[in-house]
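**Student:** Numbering that gives the first Met the number 0 numbers the first residue of the sequence shown as 0 and each following residue consecutively. The beta-carbon is built from N, C-alpha and C at its ideal position, and this holds for glycine as well. As the structure is a prediction and not an experimental result, all values here were calculated from the model.
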Amino acid sequence: MLAALAAYPELGCTGGPYEVCPNWGVFEDVLCIGNEKTIPFLEGIMTEIIDIFPSKYIHIGGDEAPRTRWQKCSKCQALIRKEGLKADKQHTAEDRLQSYCTARIEKFLNEHGRQIIGWDEILEGDLAPNATVMSWRGSAGGIKAAQMGHDVIMTPNTYCYFDYFQSEDTKNEPYDAIGGYIPVEKVYSFDPVEGLDEKQQKYVLGVQANVWTEYMTSPEQVEYMVLPRMAALAEVQWTQPGKKEYNNFLQRLGQLAKFYDRDGLNYAKHVFKPMAESETKTE
Ligand SMILES: [Zn+2]
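Structure, rendered in structure tokens:
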């Protein structure tokens, strides 16, 4: 959105000037929701996206939007008063401004036959009625959403972030990573419906791994981060929790690795450690 503001500074609360940031991060300059041109601007973008992509779902993000500018913007505050958006114990009036924007976009997309997905931040305020929630800040957001009767995709950064390191010995890793530590065994141990009763479990559509590539410079590095953690996550999805057995999985993983080798894939070998060591010795 900072890039959008650089092109359309009149859509920001301060009016700019704005610059496209050369790096990644979370920025305080976001769209001015109180500006009457903002929602038509977003609807214009969505119209183009609808045109390009035939998918039922459109992920609108909805995360990492600081409320700083809105707190001091006369247009945003005027809209908060006009819409009667009120703070409560858990949410500020500005949180509700974010929900207002999400709900407007959801309504627009629903009218065009599409459904929205948003990160779990869309739970802050009033969740748009038909939204599917992607739970990334742990599983709590997904549990809350399922309890509220919303569809959920579990992608918690505690189990499913494949941009995190797979070894604690990060100095000897061949690639840099954003941080964290999620080994194959941890991925395998994930129970996406833990804490939900049978009825609520039905709202969990499935799990997803995220491989953010800020620190990845080659396809080989992406393969290394994904494999074999992807195999562990596949089993999380496809196997009944009672039938999961890590040691059994590891045995079968040896077979799968032969396919990785055949296809020349660059996979992480931490779980095959004894095998890798004996290979080193014979060299
Ligand atoms: Zn504003």
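1. Nearest to C159 by CA position, among V151, S138, D175 and H149, is which residue?
2. How is L126 classed by DSSP in three states: helix, strand or coil?
3. Taking R136 and D119 to be in contact with their CB atoms under 8 Å, please state how far apart those CB atoms are, rounded to whole angstroms.
4. Figure out for me which residue from Q236, D162, G241 and L126 has the closest Cα to the Cα of V225.
5. If I follow the unbroken alpha helix (DSSP H) through I38, where does it start and stop?
6. How is the beta strand (DSSP E) around S134 delimited, first residue to last?
7. What residue range is occupied by the uninterrupted alpha helix (DSSP H) comprising I59?
8. For Y180, does the count of other Cβ atoms within 10 angstroms reach 16, so buried, or fall short, so exposed?
9. Using 8 Å for Cβ pairs, my map puts K85 next to G33. What's the rounded Cβ distance?
10. By the 10 Å Cβ neighbour count, where 16 or more other Cβ atoms means buried, how is D175 classified, buried or exposed?
11. Please state the DSSP three-state secondary structure of W69.
12. Any heavy atom of ligand 1 inside 7 Å of the beta-carbon of C100?
13. From the DSSP output, read off the bridge partner residues of M153.
14. Taking DSSP as the reference, what is the three-state secondary structure of I121?
15. So which residues put a beta carbon under 5 Å from any heavy atom of ligand 1, going in chain order?
16. Once the 5 residues before and after S98 are set aside, which same chain residues still bring their CB inside 6 Å of it?
17. Flag this pair as yes or no: are the beta carbons of T37 and L10 separated by less than 8 Å?
18. Can you say whether F52 is buried or exposed, counting buried as having 16 or more other CB atoms within 10 angstroms of its CB?
19. Could you check which residue in V19, E35, I59 and C20 has the C-alpha nearest to that of C12?
20. What residue does the alpha helix (DSSP H) around G112 start on, and which one ends it?
21. How many Å lie between E18 and I44 at the Cα?
**Tutor:** According to the structure shown:
1. If you compare the alpha carbons of V151, S138, D175 and H149 with that of C159, the shortest gap goes to S138.
2. Three-state DSSP puts L126 in coil, outside helix and strand.
3. Confirmed, about 6 Å.
4. Closest option to V225, Cα to Cα, is D162.
5. For I38, the uninterrupted alpha helix (DSSP H) segment begins and ends at T37 to I51.
6. Under the DSSP assignment, S134 falls in the beta strand (DSSP E) whose first and last residues are T131 to S134.
7. Bounds of any alpha helix (DSSP H) do not take in I59; it lies within the beta strand (DSSP E) bounded by Y56 to G60.
8. Per the 10 Å Cβ criterion, exposed.
9. Under the criterion of beta carbons closer than 8 Å, K85 and G33 do not qualify as touching, at roughly 16 Å.
10. When all chains shown are included, D175 counts as exposed.
11. Reduced to three states, the DSSP call for W69 is helix.
12. Result no, Cβ not under 7 Å from ligand 1.
13. For M153, which the question treats as bridged, DSSP gives the partners S134 and V206.
14. Reduced to three states, the DSSP call for I121 is helix.
15. Qualifying residues come out as C12, C31, G33, C72, K74 and C75.
16. Result list for S98: G124 and D125, in chain order.
17. L10 is positioned such that its CB atom lies closer than 8 Å to that of T37.
18. With fewer than 16 Cβ atoms within 10 Å of its Cβ, F52 is classed as exposed.
19. Cα-wise, what sits closest to C12 is E35.
20. First-last for G112: undefined, no H or E at that position.
21. Taking the straight line from one Cα to the other gives about 20 Å.
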